[in-house]
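Chains as they are written, first to last, in our numbering: chain W, 1 to 454; chain D, 1001 to 1454. Quick reminder that beta carbons are idealized off the backbone N, C-alpha and C, glycines included. Just so we're clear, the structure is a prediction, and the values are computed from it rather than from any experiment.
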């Protein structure tokens, strides 16, 4: 199989359906392509120039072969356009909708047949295309002012749905992390999730893969590629279309049958492939994994090493209880302190602190208490859940620096829940600069930690 | 039983343990009390004046009887302080910790016995006290600059834990809604959740009650009061201490046994009392209920009317599928369109829109499409879930105004999911001004809607 390099790292791009204004999707795409450093060939028979670039009557007029052609024209025109591409391009992204997802199955089959005949590999149709910040490549029809792109980072996004792709992009950015490669593959008549998994298993820039799936056409190949990818990287799968309503919705969305979810679910389980249940879980796990895996290799020892013993350190008793409940639901242990542990930590703190697991630092807390407790118990647990309610004066912005020092040599997963309000935004930003992921509720923090303890 | 009026609406307050500086919790409380419009009597033998108020040597020196005495002194001093209050105060809030939750069971029993003998009703110990914005009453030891209080509103908070109380306050504020009365009741040696439920069932300012519970001492009475309250208002219960770890944590937090969760859970179910499973669910439901119940009575017809048929209107196919999946998990129906419905709505929109349920307005969406679809189907469904990905130019800030008009006469629950990024904050704020709750993920929006459809 041909590598997907020319799709993710093309040297030249043609855009059929380029427009002069961002009021048209073809104009938004052209605008987004302007930062690309390779050759760009806008195609539109009505113009000789578009956004400062020479425009071409048709793809036949382009003087050189191009790596990638993006097609944003009404669906019925697409088969002919692809015929014209024969011998001229290696990959085509069909952005246009109006195929199987709207009942136009025959039209989609036409495109599929022609693509096979011409040897052109197709992403889509009805898809979002590619974003690769390392190549300044952005084929989306979403304007930057409406969807700011995340910075470069270690998260790859592989999404059948453009909507979810854009939501994940927004959430990755909000999580203060970044992306390596992003692909929206839509109706997947040719290139599908399995092909992209295969490509990403050797991608050194990617540590975490977020994969949103509505349907899979070749289940056996999917499981094989997902299994291989999971051995090398952290693959997170969100499968939608779980029940009849969702399946019907998925069908009318990409024109493919979602299949029986129970089968899918148990296969993932059987092969140890991580599955999340909803969008928030997906993003909570992504954040934890992205942060943890971006730390120096020294720190990677702990991840999914088999241990699941959690120490909870909190300044709010109730938040600690909610966290302990969620640990139970997630299959993580919160073992009671032994007498020896109790004595050890009791020596560090005033008698009115809650000397247990959760350790309750109470409203009398000071920043350094978190580091003291963490340090005392660093060898006794597999992961640490810290809860800071920054509504008392004892918690300050200094917490970020103190935790930075405390986790540096730790080699074990640490996540924070910082409750909303007051200085929490500042503290959270400082913690996240030290690669400690922060969540707004105890339960979401536990779900983040769960992704690291596996 | 004496009404809790003097607790929630005292005319005069003494503070034993008042301090001159906010470095001490007794100073933070005094500072927060300064906005109270009744009489305030700070008690501290070391001062003649505190924060501009005359200070008293002891409660015996206070010239008049007072409604409420707040005690913030070390636990061992509390029994004697309460003895001194005899005949002088009606209610006391014991803020201090260091009782059963740290193993000092005998000390707590002492306080309980003395309270009975003196006839003084006690809130606490180990509690947060009262916030009543209508009376400018704020007994919390949390400074305003660290925890901004929400505005006046229709949500009451009843929390055993001060931590969760403060987290709910922060989340209520973030949700652009407000509170009526707030009580943190801690170890509950006297006044407990049942007493406060009884008081709130007749409170005209309260529509929604958020109740965080770790343990209940009189299960029969709790169920009775919760049932009565649930018939008059929307009561949401979050019970923690669900498993062994959580129960142990809860015990060391308030010194009371959490009891078997399964029994608690099935009793709530049996009596139709709403229970949520975690902090995020609690806040998602609170937001939906608070918004919906604050609209003119005209609109209250729909709530929990028995119907559970949902129409999903989206401009992102994948988000619609995730929403449909979550509806299924929550027991809400997303019925397919009938041929007649399909024809009706097909007349309104271009052929490439997804004419189904979810209605998919695609990336070609315009603001007014949401109102068009909602209006066409307003009689066909019980609730509406709108999804807006504001990453295309067709969605603008005008959406807020259009939706305001569309929901005005609707009488049915409408919630929005607006994906993060770009102009989503502005759109969300405008929608929430029109009392339409907005959520950042499709699944959370469904959980909000679920609270309204019951």
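Euclidean distance between Cα positions of residue i and residue j
| i | j | result |
| --- | --- | --- |
| residue 91 (chain W) | residue 373 (chain W) | 55 Å |
| residue 200 (chain W) | residue 164 (chain W) | 19 Å |
| residue 370 (chain W) | residue 403 (chain W) | 8 Å |
| residue 1395 (chain D) | residue 338 (chain W) | 58 Å |
| residue 1218 (chain D) | residue 1140 (chain D) | 27 Å |
| residue 154 (chain W) | residue 290 (chain W) | 6 Å |
| residue 1006 (chain D) | residue 1336 (chain D) | 55 Å |
| residue 84 (chain W) | residue 124 (chain W) | 18 Å |
| residue 473 (chain W) | residue 1315 (chain D) | Since the first residue shown for chain W is 1 and the last is 454, residue 473 (chain W) is missing from the structure and cannot be characterised. |
| residue 340 (chain W) | residue 320 (chain W) | 22 Å |
| residue 187 (chain W) | residue 255 (chain W) | 7 Å |
| residue 224 (chain W) | residue 406 (chain W) | 40 Å |
| residue 159 (chain W) | residue 12 (chain W) | 24 Å |
| residue 1034 (chain D) | residue 1065 (chain D) | 19 Å |
| residue 1259 (chain D) | residue 1215 (chain D) | 7 Å |
| residue 73 (chain W) | residue 96 (chain W) | 6 Å |
| residue 120 (chain W) | residue 279 (chain W) | 34 Å |
| residue 1302 (chain D) | residue 1208 (chain D) | Because the pLDDT at residue 1302 (chain D) is just 49, under 50, the model does not fix this residue reliably, and the value given afterwards should be weighed accordingly. In a straight line, the C-alpha of residue 1302 (chain D) is about 16 Å away from that of residue 1208 (chain D). |
| residue 110 (chain W) | residue 86 (chain W) | 15 Å |
| residue 1222 (chain D) | residue 312 (chain W) | 30 Å |
| residue 1448 (chain D) | residue 1415 (chain D) | 7 Å |
| residue 1001 (chain D) | residue 392 (chain W) | Per-residue confidence for residue 1001 (chain D) stands at a pLDDT of 48, beneath the threshold of 50, marking its modelled position as unreliable; the derived number appears in the next sentence. If you take the alpha carbons of residue 1001 (chain D) and residue 392 (chain W), they lie about 36 Å apart. |
| residue 1378 (chain D) | residue 1385 (chain D) | 12 Å |
| residue 420 (chain W) | residue 1170 (chain D) | 6 Å |
Residue i burial status per 10 Å Cβ neighbour count (16 or more: buried)
| i | result |
| --- | --- |
| residue 23 (chain W) | exposed |
| residue 424 (chain W) | buried |
| residue 1299 (chain D) | At residue 1299 (chain D), the pLDDT of 44 sits below 50, so the modelled position is not reliable and the matter cannot be decided from this model. |
| residue 231 (chain W) | exposed |
| residue 1390 (chain D) | buried |
| residue 52 (chain W) | exposed |
| residue 253 (chain W) | buried |
| residue 1060 (chain D) | exposed |
| residue 1063 (chain D) | exposed |
| residue 248 (chain W) | buried |
| residue 1057 (chain D) | exposed |
| residue 1438 (chain D) | buried |
C-beta contact flag for residue i and residue j at 9 Å
| i | j | result |
| --- | --- | --- |
| residue 1413 (chain D) | residue 1387 (chain D) | no |
| residue 323 (chain W) | residue 442 (chain W) | yes |
| residue 130 (chain W) | residue 205 (chain W) | no |
| residue 1240 (chain D) | residue 1226 (chain D) | no |
| residue 1004 (chain D) | residue 1196 (chain D) | yes |
| residue 1276 (chain D) | residue 1285 (chain D) | yes |
| residue 236 (chain W) | residue 282 (chain W) | yes |
| residue 367 (chain W) | residue 399 (chain W) | yes |
| residue 410 (chain W) | residue 307 (chain W) | no |
Notebook entry, point to check: Using a beta-carbon distance cut-off of less than 7 Å, what residues from the region 1244-1259 of chain D approach chain W?
Noted result: Those residues of the region 1244-1259 of chain D that come within reach of chain W (Cβ to Cβ, closer than 7 Å) are 1245, 1246, 1248, 1249, 1250, 1252, 1253.
Margin query: Counting only Cβ-Cβ distances shorter than 9 Å, please list the residues of the region 390-402 of chain W near chain D, keeping chain order.
Written below: Of all residues in the region 390-402 of chain W, only 390, 391, 392, 393, 395 come within less than 9 Å of chain D when Cβ atoms are compared, listed by chain position.
Next item on the list: Select from the region 324-339 of chain W all residues with a C-beta closer than 7 Å to any C-beta belonging to chain D, and list them in chain order.
Entry: Residues 324, 325, 326, 327, 328, 334, 336.
Note to self: Across the region 107-119 of chain W and the region 267-279 of chain W, are there enough close Cβ pairs to call them in contact, namely three or more that are closer than 8 Å?
What the structure shows: Not touching, per the Cβ criterion.
Check: Is the region 1097-1116 of chain D close to the region 1136-1155 of chain D, with three or more CB pairs under 8 Å?
Finding: Touching, no.
Check: Got a sec: which bits of the region 1087-1102 of chain D sit with their beta carbon under 8 Å from any beta carbon on chain W, in order along the chain?
Finding: Within the region 1087-1102 of chain D, the qualifying residues are 1097, 1098, 1101, 1102.
Notebook entry, point to check: Is it a yes or a no for the region 437-453 of chain W touching the region 1027-1037 of chain D, going by three-plus beta-carbon pairs under 8 Å?
Noted result: Result no; under three Cβ-Cβ pairs closer than 8 Å.
Check: When Cβ atoms are compared, which residues of the region 1311-1322 of chain D fall closer than 9 Å to chain W?
Finding: 1312, 1314, 1315, 1316, 1317, 1318, 1319, 1320, 1321, 1322: these are the residues of the region 1311-1322 of chain D whose beta carbon lies less than 9 Å from some beta carbon of chain W, given in chain order.
Check: Quick check: the region 1034-1049 of chain D against the region 1009-1020 of chain D, are there 3 or more CB pairs under 8 Å?
Finding: With the rule of 3 Cβ pairs closer than 8 Å, the region 1034-1049 of chain D counts as touching the region 1009-1020 of chain D.
Next item on the list: Check each residue of the region 164-190 of chain W: if its Cβ is closer than 9 Å to any Cβ of chain D, include it; give the result in chain order.
Entry: Shown in chain order are the members of the region 164-190 of chain W whose Cβ falls below 9 Å from a Cβ of chain D: 164, 165, 166, 167, 169, 170, 171, 173, 174.
Checklist line | Residues, ordered as in the chain, of the region 1204-1227 of chain D that lie near chain W by beta-carbon distance below 8 Å | finding: For the region 1204-1227 of chain D, which is checked against every Cβ of chain W, the residues closer than 8 Å are 1212, 1214.
Notebook entry, point to check: Quick one: any contact between the region 1171-1179 of chain D and the region 327-334 of chain W, if contact means 3 or more CB pairs under 8 Å?
Noted result: No, the region 1171-1179 of chain D does not touch the region 327-334 of chain W.
Check: Between the region 1356-1380 of chain D and chain W, which residues of the former have CB atoms less than 9 Å from a CB of the latter, in chain order?
Finding: Within the region 1356-1380 of chain D, the residues whose Cβ lies closer than 9 Å to some Cβ of chain W are 1356, 1357, 1358, 1360, 1362, 1363, 1364, listed in chain order.
Check: Of all the residues that make up the region 100-123 of chain W, which are near chain D by a beta-carbon distance shorter than 9 Å?
Finding: Under the 9 Å Cβ criterion, the region 100-123 of chain W contributes 101, 102.
Check: Going along the region 33-57 of chain W in order, which residues come within less than 8 Å of chain D, judged by CB to CB distance?
Finding: Going along the region 33-57 of chain W in chain order, one finds no residue with a Cβ nearer than 8 Å to chain D.
Next item on the list: Quick one: which residues of the region 63-80 of chain W get their C-beta closer than 7 Å to a C-beta of chain D? List them in chain order.
Entry: For chain D, none of the residues of the region 63-80 of chain W brings a beta carbon within less than 7 Å of one of its beta carbons.
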